[in-house]
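Asker:
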């Protein structure tokens, strides 16, 4: 522990009798001083003893340091001597190595010509046997030494190529014959080894054949035997992938150029197996069944490209992408050249058949309506209406079928078209969809619907045109979805994009014009309301015989008109969307207000009759709230205020007319309502109003 002087003195005083640190003892300073003096002397003696011990240890340390330094110096000298010896040994080793290399070069210089001479002598010996016409050497007669014989005959064959034909024609012929025999034997041996599954023997024979002209034949044999029993299932593409996967693992163990052999196998599969399979599948339906032909073409091309993607994993040389693309093109080029013509022809006939089948199911013969083009508002009225018997001539089933056919056509177009032709081909398919869906189906239904709108004075007219609008709206949303989902990706980066967008815009504008022409439906609605009012409203409703016995809250005509209007408002909301709903409802609301306004002008009102008229208008105003159009509600609020003029006391007429809702109205309008009162001709009322 660290030494603390205060604590040490405190402990010393505590142990000394009379030190004053223990309770009950008298403090004795002399005794404490004596104890301190004695203790100091003891400490001094201890200090001297420790000091002597320290000096002794320092002397011993200095002595040992000198001895260690001396020993280190001796070791450094020994190390220098050893280093010098190592340098001398390294120089000696380098000298010896140089001598050995020089000697090796000399030996090689002597041995190489000697080996060549020995080799030449052997070849001359074998050549002489061919000259003599009798092959006696064991290497030619022993079938187990076929590898050595192949090496020799290959060299003799090269030598024979340089000899003049006139003097050595016979021996050249014999060497060539032996060369051919050995080549055939090696190929036969390779074939047998492949059948036995002896990879090492195959590799050995292939290495020997590598220098022979028949090496490519060896590769052909290998490729042929690989395919034996490989295509037994119905799925030739899956079989091809499995075969290539298996051969890819083996070919590197057999051949020195595995990527070339594997590429040749793949080329053989494509040009023989796949091409034959594709031809059988397509030629069967090419002229007789366009639908099946297109489906098969799309399926086969897709499966071929998928197979190509799997084969990209293998090492096929430098540019395997181009290699595989050329193989695919060689199979399908004759079918892809006129693909789009087949597609458009099929789509046209199929779409026409779908439409015709639908109209036949309705026992409907399509008729020509109008004189062509978009009919303008100036062409109205539409002439005698056509009774459609409630049929809209729009079918979601037909639309789904047309869109499904077009969707499949877009998918085939994406897969089968050349990238440079893709936008152009997609536009042609889109044009077919526009022709049959938009023009032949939706546009025809709108034209028929317009022609079926009854005249405004028809009784109990059924307004089926709104059903046509509702279905056309739904169908066009489906058309727009296909435009965005399937056409846009094909044309988004081409000039055809603006052309397609413009075509779509033209279709929308044409539809809107015809829907706008269908505003005549509102005339029919107003006509129906007129019929209801004419049939149900009685003059006595507003001038009852017994003023004190009126039990109804509003007239029967009002109830029926409001019920009819609410149904039509709901029908318009279900048939349209967006701003079109508000536009049509505003037009209907304004016409509805005008009808009620003019209707009220036809009657005279007693005091109780005026109250009943106010109740009717209040009910009409509730009905107007369903329109959710501010202008319409404002018009009926004003009409309600005008009806108050029918019941207000003569003295209060001026005050009511100057109220917030009537102050801005023309005085003639106010006067016309006041004139409807039965008491108008009384001098008092005329005087107050003037």
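Numbering (my numbering), first residue to last: 5 to 694.
Even glycine gets a Cβ: it sits at the ideal position worked out from N, Cα and C.
All figures in this text were calculated on a predicted structure; none of them were measured in a lab.
1. Find out if the Cβ-Cβ distance for the pair residue 491, residue 416 is shorter than 8 Å.
2. Is it buried or exposed for residue 586, if we count other Cβ within 10 angstroms and need 16 for buried?
3. With respect to the alpha helix (DSSP H) encompassing residue 747, which residues constitute its N-terminal and C-terminal limits?
4. Report the three-state DSSP secondary structure of residue 73 (helix, strand or coil).
5. Using three-state DSSP, classify residue 416 as helix, strand or coil.
6. Compute the distance between the beta-carbons of residue 350 and residue 301, then report whether it is under 8 Å.
7. Drop a sphere of 10 angstroms on the beta-carbon of residue 549, count the other beta-carbons inside from all chains shown, and report buried for 16 or more, exposed for fewer.
8. Am I right that residue 332 and residue 312 are in contact with their C-beta atoms under 8 Å? What's the rounded C-beta distance?
9. Work out the CA separation of residue 410 and residue 388 for me, nearest whole Å.
10. With distance defined between alpha-carbon atoms, name the residue in 635, 186, 283 and 255 nearest to residue 270.
11. I need the DSSP call for residue 684, collapsed to helix, strand or coil.
12. Just checking, does the segment 314-322 make contact with the segment 238-252 on the three C-beta pairs under 8 Å criterion?
13. Taking the alpha carbon of residue 604 as the point to measure from, which residue in 260, 92, 280 and 562 has its own alpha carbon closest?
14. For a quick check, are the C-beta atoms of residue 403 and residue 482 less than 8 Å apart?
15. Run the CB neighbour count on residue 355, radius 10 Å, all protein chains shown included, and call it buried at 16 or more, exposed below.
16. Where do the N-terminal and C-terminal ends of the alpha helix (DSSP H) with residue 243 fall, by residue?
17. Distance check for residue 8 and residue 34, CA to CA, integer angstroms please.
18. When burial is assigned at 16 or more other CB atoms within 10 Å of the CB, is residue 380 buried or exposed?
19. Measuring alpha carbon to alpha carbon, tell me which residue in 541, 371, 242 and 260 is nearest residue 207.
20. Which residues in the same chain have their Cβ closer than 6 Å to the Cβ of residue 216, if we skip the five residues on either side of it in sequence?
21. Does DSSP put residue 607 in a helix, a strand or coil?
22. Let's see if you can read the secondary structure: which residues bound the alpha helix (DSSP H) around residue 317?
23. Between the segment 609-616 and the segment 639-651, do three or more beta carbon pairs fall short of 8 Å?
24. What does the Cβ neighbour count give for residue 329, buried or exposed, with the cut at 16 atoms within 10 Å?
25. Buried or exposed for residue 252, please, with buried defined as at least 16 other CB atoms from any protein chain shown within 10 angstroms of its CB.
26. Hey, residue 194 and residue 267: beta-carbon distance below 8 Å or not?
27. Name the residue from 487, 273 and 597 whose alpha carbon lies nearest to the alpha carbon of residue 622.
28. In whole angstroms, what separates the C-alpha of residue 438 from that of residue 344?
29. Between 111, 610, 96 and 448, which lies nearest to residue 544 when the distance is taken from Cα to Cα?
30. Suppose the cutoff is 6 Å on Cβ atoms and the five residues either side in sequence are ignored; what does the same chain contact list for residue 39 look like?
31. With H, G and I counted as helix, E and B as strand and the rest as coil, what does DSSP make of residue 457?
32. Quick test of your reading: residue 226 and residue 265, contact by CB under 8 Å. State the CB separation rounded to the nearest angstrom.
33. Over what stretch of residues does the alpha helix (DSSP H) that includes residue 343 continue unbroken?
34. Could you check the C-alpha separation between residue 18 and residue 66 for me, to the nearest Å?
35. Which residue wins for smallest C-alpha separation from residue 644, given the options 627, 395, 631 and 654?
36. Using 8 Å as the threshold, is the C-beta distance between residue 521 and residue 454 below it?
Answerer: In brief:
1. Taking the first residue of the chain shown as position 1, residue 491 is located at position 487. Taking the first residue of the chain shown as position 1, residue 416 is located at position 412. No, these two residues do not count as a Cβ contact at 8 Å.
2. Start at 1 with the first residue of the chain shown, and residue 586 comes out as number 582. Exposed: under 16 other Cβ atoms inside 10 Å.
3. In the structure as shown, the chain begins at 5 and stops at 694. Residue 747 is therefore absent and cannot be evaluated.
4. As a working mapping, residue 73 is identified with position 69 in the chain shown. If DSSP states are grouped into helix, strand and coil, residue 73 belongs with the helices.
5. In the chain shown, the residue the question calls residue 416 occupies position 412. If DSSP states are grouped into helix, strand and coil, residue 416 belongs with the helices.
6. Translated into positions along the chain shown, residue 350 becomes position 346. Translated into positions along the chain shown, residue 301 becomes position 297. Going by C-beta atoms, residue 350 is not nearer than 8 Å to residue 301.
7. The count along the chain shown starts at 1 and reaches residue 549 at position 545. So residue 549 counts as exposed.
8. If you number the chain shown from 1, residue 332 lands on position 328. If you number the chain shown from 1, residue 312 lands on position 308. Residue 332 to residue 312, Cβ: 6 Å. Contact.
9. Sequence index remark: in the chain shown, residue 388 carries index 384 (1-based). Sequence index remark: in the chain shown, residue 410 carries index 406 (1-based). Here residue 388 scores only 45 on pLDDT, less than 50, and its place in the model should not be relied on; the value that follows carries that caveat. When rounded, the distance between both Cα atoms is 37 Å.
10. On the chain shown, residue 270 is found 266 positions in, with the first residue counted as 1. The candidate whose alpha carbon is nearest that of residue 270 is 255.
11. Numbered from its first residue, the chain shown carries residue 684 at position 680. Three-state result, residue 684: coil.
12. yes
13. Within the chain shown, the letter at position 600 stands for residue 604. Among 260, 92, 280 and 562, the Cα nearest to that of residue 604 belongs to 562.
14. Translated into positions along the chain shown, residue 403 becomes position 399. Translated into positions along the chain shown, residue 482 becomes position 478. Yes, these two residues count as a Cβ contact at 8 Å.
15. In the chain shown, residue 355 corresponds to position 351, counting from 1. Residue 355 should be labelled buried.
16. Against the chain shown, residue 243 aligns to sequence position 239. Unbroken alpha helix (DSSP H) run through residue 243: 240-258.
17. As a first step, residue 34 must be located in the chain shown, where it is residue number 30. As a first step, residue 8 must be located in the chain shown, where it is residue number 4. Straight-line Cα distance between these residues: approximately 25 Å.
18. Indexing the chain shown from 1 puts residue 380 at position 376. Because the pLDDT of residue 380 is 37, which lies under 50, any placement of that residue in the model is unreliable, and the number read from its coordinates should be weighed accordingly. Residue 380 should be labelled exposed.
19. Within the chain shown, residue 207 is the residue found at index 203, counting from 1. For residue 207, the nearest C-alpha among the options comes from 260.
20. As a working mapping, residue 216 is identified with position 212 in the chain shown. Answer for residue 216: 187, listed in chain order.
21. Residue 607 sits at position 603 when you count from the first residue of the chain shown. In the structure shown, residue 607 sits in coil (DSSP, three-state: anything other than H, G, I, E or B).
22. As a first step, residue 317 is located in the chain shown; it is residue number 313 there, counting from the start. It is not in any alpha helix (DSSP H) - residue 317 carries neither H nor E in the DSSP assignment.
23. yes
24. Residue mapping note: residue 329 aligns to position 325 of the chain shown, counting from 1. Residue 329 is exposed by the Cβ-count criterion.
25. Taking the chain shown and counting its residues from 1, the one referred to as residue 252 is at position 248. With 16 or more Cβ atoms within 10 Å of its Cβ, residue 252 is classed as buried.
26. Residue mapping note: residue 194 aligns to position 190 of the chain shown, counting from 1. Residue mapping note: residue 267 aligns to position 263 of the chain shown, counting from 1. Not a contact, by the Cβ cut-off of 8 Å.
27. Mapped onto the chain shown, residue 622 falls at position 618. Looking at the Cα atoms, 597 is the closest of the given residues.
28. Sequence index remark: in the chain shown, residue 438 carries index 434 (1-based). Sequence index remark: in the chain shown, residue 344 carries index 340 (1-based). C-alpha separation (whole angstroms): 17 Å.
29. The sequence position of residue 544 within the chain shown is 540, counting from 1. When only C-alpha atoms are compared, the closest one is 610.
30. Start at 1 with the first residue of the chain shown, and residue 39 comes out as number 35. If we look at residue 39 and ignore the five residues flanking it on each side, its Cβ neighbours are 20.
31. If you number the chain shown from 1, residue 457 lands on position 453. In the structure shown, residue 457 sits in coil (DSSP, three-state: anything other than H, G, I, E or B).
32. Reading the chain shown from its first residue, position 222 is the one you call residue 226. Reading the chain shown from its first residue, position 261 is the one you call residue 265. Going by Cβ atoms, the distance from residue 226 to residue 265 rounds to 7 Å, so yes, they are a contact pair.
33. On the chain shown, position 339 is the one that residue 343 refers to. It spans 343-365 - the alpha helix (DSSP H) in which residue 343 sits, taken as one unbroken run.
34. Numbered from its first residue, the chain shown carries residue 18 at position 14. Numbered from its first residue, the chain shown carries residue 66 at position 62. For residue 18 and residue 66, the distance between alpha carbons rounds to 44 Å.
35. Within the chain shown, the letter at position 640 stands for residue 644. When each option's Cα is compared against that of residue 644, the closest is 627.
36. The count along the chain shown starts at 1 and reaches residue 521 at position 517. The count along the chain shown starts at 1 and reaches residue 454 at position 450. Yes, Cβ-Cβ distance for residue 521 and residue 454 is below 8 Å.
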